[in-house]
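In my numbering, the protein residues as written are 1354 to 1562. Single-structure report; data block below.
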Ligand code: SF4
Ligand code: SF4
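This is the structure in structure tokens:
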């Protein structure tokens, strides 16, 4: 095909997309922040440190997440649990926990590495920092509240998507379709006391249908 043919082919694609967009058949953009796009179930948003239903922290301060992080943006310091007032089950808990979100690449390797499912990712993606210190989230921002809600960066923001926040609980790690067949349709774990309650992932057949 010659140059004119290629040009005509390109214009046809562009024109077709324009018509589909104008007629509303193909709307790629939303009026953010008034409207939010639906996110995939495994969307990697900001992290949350989870609790057990009894309120105890899941993090045991083992530092495996920090070791797995390719961006070296997690800092954990464990400490012995006070015998009379333990913070987590077992001997140790995460005394200091920080994530530098200027370096995080949202790969979720920390989630995979965690033996207690303490750290998971949410659907919250809105970040805004005016200095580097604010980009380092500490336990204050990361640890879910005892009622299971997730601290939001902008609690006073009129545009904050609080509906989404209500289900911003920890993500259910890979469920059956990518794992053992006998667990298909079974919610593998969540166990957090939060309001977010994800359904099991659809099977491959359901997805294809
Ligand atoms: S998502 Fe990836 S880069 Fe971000 S803290 Fe976890 S392991 Fe590190
Ligand atoms: S979040 Fe998980 S992997 Fe990281 S220190 Fe806590 S228990 Fe260990």
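Ideal placement from N, C-alpha and C gives every residue a C-beta, glycine not left out.
- Residue 1452 sits close to residue 1400, with the two beta carbons spaced by under 7 Å.
- One thing to note: residue 1470 has its Cβ no nearer than 7 Å to the Cβ of residue 1441.
- Between the segment 1465–1485 and the segment 1408–1427 there are three or more inter-stretch CB-CB distances shorter than 8 Å, so the stretches are counted as touching.
- A Cβ-Cβ distance of about 15 Å is found for the pair residue 1434 and residue 1450, leaving them out of contact under the 8 Å criterion.
- Taking 6 Å as the cut-off, one finds at least one heavy atom of ligand 1 near enough to the beta carbon of residue 1424.
- Distance check between residue 1476 and each of 1484, 1485, 1461 and 1483 places 1461 closest, using alpha-carbon atoms only.
- Take the alpha-carbon of residue 1364 and the one of residue 1358: they are about 10 Å apart.
- Taking non-hydrogen atoms of ligand 1 into account, the C-beta of residue 1490 is found less than 6 Å away from none of them.
- At least 7 Å separates the beta-carbon of residue 1383 from that of residue 1373.
- Residue pairing from DSSP leaves residue 1364 without any beta-bridge partner.
- Burial check for residue 1495: the Cβ neighbour count within 10 Å reaches 16 or more, so the residue is buried.
- Contiguous alpha helix (DSSP H) elements confined to the segment 1396–1429 occur at 1417–1421, taking only those with 4 or more residues.
- In the structure shown, the three-state DSSP call for residue 1473 is strand.
- In the displayed model, residue 1440 falls within coil according to three-state DSSP, outside both helix and strand.
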